[in-house]
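Each residue of the sequence shown is one higher than the one before, starting from 33 at the first, in the numbering used here.
Idealized CB from N, CA, C, for every residue including glycine.
Structure record follows, encoded as structure tokens.
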Amino acid sequence: MPINIPSDLPALDVLLQENIFAMDSRRAGSQNIRPLEVGILNLMPNKIETEIQILRLLSNTPIQINVDLIRIDETTPKNTPKSHMDAFYHEFSEVSDKNYDGWIVTGAPLGLLDYEDVKYWDKMTELLDWARDNVQSTLFLCWAAHAALYHFYGVDRKIREYKLSGVFEHKVEQAKDELMRGFDPLFWAPHSRVGEVAEADYKSIEGLTVLAQSDAAGTYISATDDKRLVFVTGHPEYDPLTLAQEYERDLEAELSPQVPENYFANDDPNQAPLVRWKSHGSLLLTNWLNYYVYQNTPFDLTQLRRK
33 MPINIPSDLP
43 ALDVLLQENI
53 FAMDSRRAGS
63 QNIRPLEVGI
73 LNLMPNKIET
83 EIQILRLLSN
93 TPIQINVDLI
103 RIDETTPKNT
113 PKSHMDAFYH
123 EFSEVSDKNY
133 DGWIVTGAPL
143 GLLDYEDVKY
153 WDKMTELLDW
163 ARDNVQSTLF
173 LCWAAHAALY
183 HFYGVDRKIR
193 EYKLSGVFEH
203 KVEQAKDELM
213 RGFDPLFWAP
223 HSRVGEVAEA
233 DYKSIEGLTV
243 LAQSDAAGTY
253 ISATDDKRLV
263 FVTGHPEYDP
273 LTLAQEYERD
283 LEAELSPQVP
293 ENYFANDDPN
303 QAPLVRWKSH
313 GSLLLTNWLN
323 YYVYQNTPFD
333 LTQLRRK
């Protein structure tokens, strides 16, 4: 898919080296089509790494996409240069008058904090309410999925005794839902979180359907019946080495982390990871863009139906 991203964004060179079809804004401007407008609210400290991971997943559809990178506030993250943020990210006030076909809200390393103690929680709730009215479909990842469930439905997560880290087998619960189209009945996906929302809490929400879950990792994918909100509690975007890097970081911080489950060969951190989630991660984003976004969004985004 031709992803229309800024010509100087570091992700562009990486994706082109991987033979992924990404075009810069100059070439995209010469095509007379109506591209999808997708915003990425990036809450992760390492913005560049997360940009590459998500843009890679958006690359498997023939639909052209314009991507806006959005920041939650003016704080410069410690793992991303200020020059990068200034050059490529929009303040919310700069895009709040737009409508979007799709939004992706990333995870954040905030699992141990109460939501109201998150320094940007007020801004986060403002953006969540805005997206509910101005975006055809919003995809929430990991911490953002739990935060959105809490904000919209009052469902709070429990803190696990130990961090859930690894790659887990999941079962498709609703094979006829378009988001699950093409999925194997059993598939693998990475998780890295300390929060957990009980299955009973998902089932208590009217108009919300659990689409895939795991005996070990709990509910993985759920969505509202109108396709406007999608909650993914894992990390389909993760690179092969991301969990290994997190494990090594936690070791250096003397957090006594458990070895990520079902990740290293023979569960031995001295061996290479077993990568078995990339195809389903890519399929998830492709299905979301096609069936939840493209097939439902109006041609004229100013006519986006309101809830």
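Inset, instruction - Assign residue 64 to one of two classes, buried (16 or more other C-beta atoms within 10 Å of its C-beta) or exposed (fewer than that). - result: Residue placement at residue 64 cannot be trusted, given a pLDDT of 48 that sits under 50; the coordinates are not used to answer.
Inset, instruction - Could you spell out where the beta strand (DSSP E) holding residue 82 opens and where it closes? - result: Careful: residue 82 lies outside any beta strand (DSSP E), inside the alpha helix (DSSP H) at 79-89.
Inset, instruction - In the DSSP assignment, find the beta strand (DSSP E) that holds residue 221 and state where it starts and stops. - result: 218-228
Legend entry - Identity of the residues DSSP links to residue 172 by a beta bridge: Among the bridge pairs identified by DSSP, residue 172 is matched with 137 and 263.
Inset, instruction - Could you tell me the distance, in whole angstroms, from the CA atom of residue 76 to the CA atom of residue 217? - result: In this structure, the CA atom of residue 76 is about 31 Å from the CA atom of residue 217.
Inset, instruction - Just tell me which of 90, 110 and 229 has its CA closest to the CA of residue 191. - result: 229
Inset, instruction - State the start and end residues of the unbroken beta strand (DSSP E) segment that holds residue 13. - result: Residue 13 falls outside the range modelled here, since the chain spans only 33 to 339, and no answer is possible.
Inset, instruction - Report the three-state DSSP secondary structure of residue 236 (helix, strand or coil). - result: coil
Legend entry - First and last residue of the uninterrupted alpha helix (DSSP H) at residue 214: In the DSSP annotation of this structure, residue 214 is not part of any alpha helix (DSSP H), being labelled neither H nor E.
Legend entry - Whole-Å CB distance - residue 198 paired with residue 293, under 8 Å assumed: 3 Å
Inset, instruction - Run the CB neighbour count on residue 320, radius 10 Å, all protein chains shown included, and call it buried at 16 or more, exposed below. - result: buried
Inset, instruction - Output yes or no for whether 8 Å exceeds the beta carbon distance between residue 25 and residue 204. - result: Not covered by the structure: residue 25. The range shown for the chain is 33 to 339.
Inset, instruction - Go ahead and label residue 172 buried or exposed: buried means 16 or more other beta carbons lie within 10 angstroms of its beta carbon, across all protein chains shown. - result: When all chains shown are included, residue 172 counts as buried.
Legend entry - Straight-line Cα distance separating residue 123 from residue 316: 28 Å
Inset, instruction - To the nearest angstrom, report how far apart residue 322 and residue 94 are at their CA atoms. - result: 10 Å
Inset, instruction - Go ahead and pull the three-state DSSP assignment for residue 331. - result: DSSP, read as helix, strand or coil, puts residue 331 in coil.
Inset, instruction - Would you mind giving the Cβ-Cβ distance between residue 170 and residue 177, rounded to the nearest angstrom? I have them listed as a contact below 8 Å. - result: Wrong, their Cβ atoms sit about 10 Å apart, outside the cutoff.
Inset, instruction - Evaluate contact between the region 208-224 and the region 323-331, counting only Cβ atoms and requiring at least three cross-stretch pairs below 8 Å. - result: Yes, they touch.
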